[in-house]
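Numbering (this note's numbering), first residue to last: 26 to 455.
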C-alpha cells in the first residue's frame with residue numbers, strides 16, 4: 026500500500042533517501058581528489074627512490090670529474106704515497122731489481138791490471154754469490170736512501186703531475202705517456218727514479234752504473250679485470266660530473282614538494298640519500314678486499330692497498346659528507362615537526378634554555394623583545410648561513426659538516442636565550 030506524500034513516514038523516508046544521495050554524491054566528489062593525492066604520493070615516493078639510487082652514482086661522478094678534470098687535486102691526492110712505507114718498499118724493490126738486471130758486475134773489475142786478472146777471477150769463483158749479494162745490498166741501500174728522501178717526494182709529485190693526462194687516458198681507454206694501460210693494468214714508468222738512482226750510485230763510487238742504459242720499469246697503480254670494463258662507465262661519470270649531483274638533488278626536492286606530507290617526505294628523502302651513500306661505502310669496503318685478493322703474485326699487496334686507499338680517499342670523504350648531511354637534515358626536519366616525540370624534545374630544549382635564562386636573571390630588555398619578534402627570520406638566517414658555509418668549504422669532510430651543524434646549533438641556542446618571552450617556544454626554524 027502506497028503512502029500519501031503528506032504522510033510523515035513517507036516524508037522521513039524521502040529525507041533519508043535524499044541524505045543518502047547527497048552522501049553518495051559527496052563521496053563521488055571526493056574520489057577524484059583522493060585519487061590525485063594517491064597519485065602524488067606514488068610519484069613522490071618514486072622520485073625519492075630514484076634520488077636514493079642516483080646518490081652513489083652522483084658521488085662517483087663527482088669523484089671521476091675531480092680525478093679527470095683537476096690536475097692539482099690528483100697530484101695532492103697521490104702525493105702522500107711518496108712517504109708511505111709500503112709504497113717506498115715496493116718502489117725500492119722494483120728499482121733495485123731493474124738496476125741489478127742491467128748492472129754488469131764483471132765490469133767492476135775492468136780497471137784491474139791484466140797480470141792480476143787470473144788471481145781475481147779465481148777469487149770471484151770462490152766468492153760467487155757473496156759478491157753479487159754485496160753489490161745488491163749496496164744498490165738497495167742507495168735506492169732506499171733516495172726513495173725515503175725529500176728528493177723522491179719531488180720526483181714523485183712531478184711524475185704524477187706529468188702523468189695525470191695519461192692516467193685519464195688510461196681510464197678512458199687510451200694509453201701512452203708516463204702511464205700506460207697494459208691489458209687491465211695501469212702502470213707508472215719509474216724511469217725518472219732510476220735515472221736519479223744511477224747518478225747517486227756513480228756519486229758513491231759505483232762508476233760502472235754509468236754504463237746502465239735507460240731503463241723503463243713499471244710500478245702498478247691499478248690492476249683489475251674490471252678496469253677495462255669500467256672505462257666507458259668512468260668516461261660517462263666524468264662527463265656527468267657536476268650535473269648528476271645537481272640532478273639528484275632536484276629529483277629529491279621534487280619528491281619532497283610533490284608529497285602530501287612534505288616534512289615527513291623530507292625526513293624520508295634525507296635518510297634515503299644517506300642510505301644510498303652508505304651502501305656505496307659498504308661496496309667500496311667490499312671492493313677493496315676483492316681487489317687485493319685478485320692481484321697478481323708479483324704485485325705488493327700492502328702497496329696496492331695504500332694506492333687504493335689514496336685513490337678512494339676523496340670518494341670516502343664524499344660518502345661521509347653525504348651521510349652526515351642526510352642525517353642532520355633528517356634530524357632537523359623531524360625536530361621541527363609536530364610529532365609527539367619531536368615536540369617533547371623541543372620542549373626540553375626550550376625549557377632547558379629558559380631555565381638557564383631565569384637562573385641567570387636575564388631579562389633581555391629591548392634586545393630580547395626584538396629577538397622575540399625576529400626569531401623566525403633569525404633562525405632561518407642561521408640555517409642559510411650554515412648551508413652557505415658548507416657549500417663554500419673546499420672539500421668538506423663529515424667532521425667539518427658535524428662542526429658546522431654544532432656551531433649552527435649553538436647560535437640557535439643563543440637566539441633562544443636572548444628571546445625574553447616567558448612562554449616556551451621552539452628555537453628551530455619553521
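Just so you know, even glycine gets a beta-carbon here, dropped at the ideal spot from N, CA and C.
- Within the same chain, 117, 120, 121 and 222 come within 6 Å of residue 168 by CB-CB distance, once the 5 residues on both sides are set aside.
- The beta carbon of residue 186 sits closer than 6 Å to those of 100, all from its chain and outside the five residues before and after it, given in chain order.
- Of the candidates 112, 234, 220 and 102, 234 places its Cα closest to the Cα of residue 163.
- Counting the other Cβ atoms within 10 Å of the Cβ of residue 296 gives 16 or more, which makes it buried.
- In this structure, the alpha-carbon of residue 110 lies about 9 Å from that of residue 331.
- For residue 84, the three-state secondary structure derived from DSSP is helix.
- Distance between residue 239 and residue 128, taken at the CA atoms: about 12 Å.
- Between the stretch 316 to 331 and the stretch 63 to 75, the count of C-beta pairs closer than 8 Å stays below three; the two stretches do not touch.
- Setting aside the 5 residues that flank it on each side, residue 339 is surrounded in the same chain by 88, 91, 92, 98, 102 and 420, each with a C-beta closer than 8 Å to its C-beta; the list follows chain order.
- Cβ-Cβ distances below 7 Å link residue 337 to 309 in the same chain, with the five nearest sequence neighbours on each side left out; the list follows chain order.
- Around the C-beta of residue 391, fewer than 16 other C-beta atoms lie within 10 Å, and the residue is accordingly described as exposed.
- A distance below 8 Å separates the beta carbons of residue 298 and residue 80.
- In the three-state scheme derived from DSSP, where H, G and I count as helix and E and B as strand, residue 238 is classed as coil.
- Around the CB of residue 311, fewer than 16 other CB atoms lie within 10 Å, so the residue is classed as exposed.
- With a threshold of 16 other beta carbon atoms within 10 Å, residue 244 meets it and is buried.
- Here residue 90 carries a helix assignment [DSSP, helix/strand/coil].
- Excluding the 5 residues flanking it on each side, residue 348 has same chain C-beta neighbours closer than 6 Å at 299, 302 and 303, in chain order.
- The straight-line gap separating the alpha-carbon atoms of residue 171 and residue 230 is approximately 16 Å.
- In the structure shown, the three-state DSSP call for residue 229 is coil.
- Listed in chain order, the alpha helix (DSSP H) runs fully inside the stretch 374 to 435 are 390 to 398 and 400 to 417, counting runs of at least 4 residues.
- Per DSSP, the continuous alpha helix (DSSP H) segment holding residue 127 begins and ends at 110 to 127.
- If you draw a straight line from the Cα of residue 398 to the Cα of residue 362, it is about 21 Å long.
- Only buried fits residue 375, as 16 or more other CB atoms lie within 10 angstroms of its CB.
- Put simply, of 439, 444 and 107 the residue whose alpha carbon is nearest the alpha carbon of residue 396 is 444.
- The beta-carbon separation of residue 440 and residue 403, rounded to 5 Å, stays under the 8 Å limit for a contact.
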